[in-house]
Amino acid sequence: MPFFDPRPMHLPIKQAMAEAVQRVIDGGQYVRGSALERFEKSFATFCGATQGIGVGNGLDALHIALRSLGVGPGDEVIVPANTFVATALAVVHAGAVPHFVDVDATTANIDPDHFERAITSRTKAVIPVHLYGRPCDMGRIMSIAHAHDLHVVEDNAQAHGARWEGRRTGSFGQINATSFYPTKNLGALGDAGMLTTSSPALATTARALSNYGLIGSRLAPTPGFNSRLDELQAAILQVKLEHLERWNVERRRLAAIYEGQLERLPHIVVPMERRGEHGVYHLYVVRSPHRDALRVHLAQHGVATLVHYPVPLHLHAELAYLGGRPGDHPTAELLADTSLSLPLFPGMLEQQQARVVDAITSFRTVAGAV
Ligand SMILES: *Cc1c(COP(=O)(O)O)cnc(C)c1O
């Protein structure tokens with residue numbers, strides 16, 4: 038039982054993907070052409086933003102978003118302690134300082150109260166991460182950010198299509214970043230990323246930064262990069278975007294089955310949606326006080342699992358210079374010790390999911406006392 042398999046998604050649309058690739062080959066334009074232009078418009082519209090700027094990957098998208106907002110040396114950016122390392126690395130690459138805050142125990146997302154308390158005179162921006170496909174409480178985050186005159190950059194890498202109070206993620210912040218890494222809900226056949234914004238001025242800056250900083254033949258004040266979403270990936274993503282909503286519906290259906298089967302187990306805490314939240318289950322993350330033993334047990338039953346994420350950001354040795362210590366962010370630390378991601382992907386078979394459920398259920402028997 039693999040953790041993730043993209044092939045059931047790709048099999049029924051293989052022909053359409055191949056034809057799209059063929060059109061790019063025949064068209065002769067492989068970078069910054071019409072396939073990218075079309076996909077930028079389509080994905081931005083999907084998110085409820087007016088502009089999309091394709092870039093090479095999600096880390097670059099986050100980095101360029103911060104640079105476009107003028108975030109740099111001397112600035113602090115608030116980042117949840119429980120997220121993928123790229124969220125914090127983007128801040129470091131921009132020359133600013135990540136300021137980690139603890140997360141909410143129920144959602145695993147940034148806790149708005151901790152966010153508000155962490156604001157200092159140097160804080161320039163906040164990066165809410167819609168982790169596991171669960172949207173952050175964007176109502177509260179936007180109003181706190183507004184009251185303190187902070188920029189908001191959503192990290193939408195895991196939440197393509199998620200909604201907070203009916204509105205799609207990737208449309209709340211001034212400029213937002215996403216990744217189309219192959220395992221994401223909308224995944225390329227390689228690396229790709231995008232910024233979404235409804236500010237034409239920010240879009241112009243971000244686009245320039247992704248292309249050496251060139252605006253026409255002039256250079257932007259900040260040195261730019263070469264980070265672009267190529268025509269082949271854009272054409273593939275355009276085909277796949279048509280199926281994203283259907284895949285997200287399927288993810289929610291699989292999640293509901295897990296919930297129904299696992300909720301009653303005493304040693305498992307399953308994710309539950311709150312009011313206002315419409316998630317897209319990029320990952321199905323349960324919690325168990327016996328996480329490591331459960332993981333071994335599942336592996337013995339042929340079920341692959343992963344941990345997102347085993348080390349909270351403030352405890353990474355490479356980020357120790359920021360002064361993080363054990364105990365700083367107790368909820369993030371608890372989640373790192375107890376979270377377990379179960380297999381979930383569109384096209385996952387009923388019997389595959391039953392196998393995961395059976396393996397988890399039998400753990401209770403084996404563990405006896407738990
Ligand atoms: C995948 C991911 C990224 C980075 O995206 P890449 O395309 O791999 O650079 C950033 N943030 C989060 C939350 C992610 O899941």
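For the sequence shown, my numbering gives the first residue as 38, with consecutive numbering after it. A virtual CB, placed ideally from N, CA and C, is assigned to each residue, including glycine.
Collapsed DSSP secondary structure at residue i in the structure displayed
{"i": "Thr387", "result": "The amino acid at residue 387 is misidentified as Thr; the sequence shows Glu. Of the three classes helix, strand and coil, the one that applies to Glu387 here is helix, per DSSP."}
{"i": "Gln88", "result": "strand"}
{"i": "Ala406", "result": "Note that Ala406 scores 47 on pLDDT, short of 50, meaning its location in the model is unreliable and no value can be drawn from it."}
{"i": "Ile115", "result": "strand"}
{"i": "Leu302", "result": "coil"}
{"i": "Met175", "result": "helix"}
{"i": "Phe137", "result": "strand"}
{"i": "Val276", "result": "helix"}
{"i": "Ile101", "result": "helix"}
{"i": "Glu314", "result": "strand"}
{"i": "Ser410", "result": "The question about residue 410 has no answer, for the chain in this structure spans 38 to 407."}
{"i": "Val348", "result": "coil"}
Pick from the options that is closest to residue i, judged by C-alpha positions
{"i": "His47", "options": "Leu335, Val348, Ser325, Trp284", "result": "Trp284"}
{"i": "Phe96", "options": "Gln337, Val190, Ala238", "result": "Looking at the sequence provided, one finds Leu at residue 96 rather than Phe. Ranking Gln337, Val190, Ala238 by Cα distance to Leu96 puts Val190 first."}
{"i": "Val134", "options": "Leu359, Pro363, Glu202", "result": "Leu359"}
{"i": "Val108", "options": "Val163, Ala86, Gly339, Ala145", "result": "Val163"}
{"i": "Asp63", "options": "Glu153, Leu269, Pro303, Leu278", "result": "Leu269"}
{"i": "His151", "options": "His366, Leu251, Glu370", "result": "His366"}
{"i": "Leu356", "options": "Val128, Pro49, Ile305", "result": "Val128"}
{"i": "Ala131", "options": "Asp139, Pro110, Val140", "result": "Pro110"}
{"i": "Arg362", "options": "Asp139, Leu251, Arg177, Thr233", "result": "Asp139"}
Contacting residues, own chain, Cβ-Cβ under 6 Å from residue i (five flanking each side not counted)
{"i": "Leu331", "result": "Ser325, Phe400"}
{"i": "Glu16", "result": "Examination of residue 16 is not possible in this model, given that the chain is present from 38 through 407 alone."}
{"i": "Gly170", "result": "Gln195, Ala196, Ala199, Gly316, Val317, Tyr318, His319"}
{"i": "Val394", "result": "Gln298"}
{"i": "Ala406", "result": "Low confidence applies to Ala406: its pLDDT is 47, below 50, so where it sits in the model is not reliable enough to give any reading."}
{"i": "Gly70", "result": "Glu268"}
Beta carbon of residue i nearer than 8 Å to that of residue j
{"i": "Leu299", "j": "Val286", "result": "no"}
{"i": "Cys84", "j": "Ser247", "result": "no"}
{"i": "Pro149", "j": "Ile181", "result": "yes"}
{"i": "Leu302", "j": "Thr398", "result": "yes"}
{"i": "His351", "j": "Phe137", "result": "yes"}
{"i": "Leu223", "j": "Leu73", "result": "no"}
{"i": "Gly261", "j": "Tyr249", "result": "yes"}
{"i": "Pro219", "j": "Pro45", "result": "no"}
Beta-ladder partner(s) of residue i, from DSSP
{"i": "Asp192", "result": "Val166, Ala214"}
{"i": "Arg204", "result": "Trp201"}
{"i": "Val128", "result": "Paired residue(s): none; Val128 is not in a bridge."}
{"i": "Gly230", "result": "Val92, Ser216"}
Sequence-distant residues of the same chain with beta carbon closer than 7 Å to residue i, five excluded per side
{"i": "Phe121", "result": "Tyr346"}
{"i": "Thr157", "result": "Glu113"}
{"i": "Phe40", "result": "Ala341, Thr342, Leu343, Pro380"}
Any chain D beta carbon closer than 8 Å to residue i
{"i": "Gly132", "result": "Annotation note: the requested chain D is absent from the structure, which comprises a single protein chain."}
Chain-order list of residues whose beta-carbon lies under 8 Å from that of residue i (same chain, five-residue window excluded)
{"i": "Arg289", "result": "Gly316, Val317, Tyr318"}
{"i": "Val68", "result": "Arg265, Asp267, Glu268"}
{"i": "Pro49", "result": "none"}
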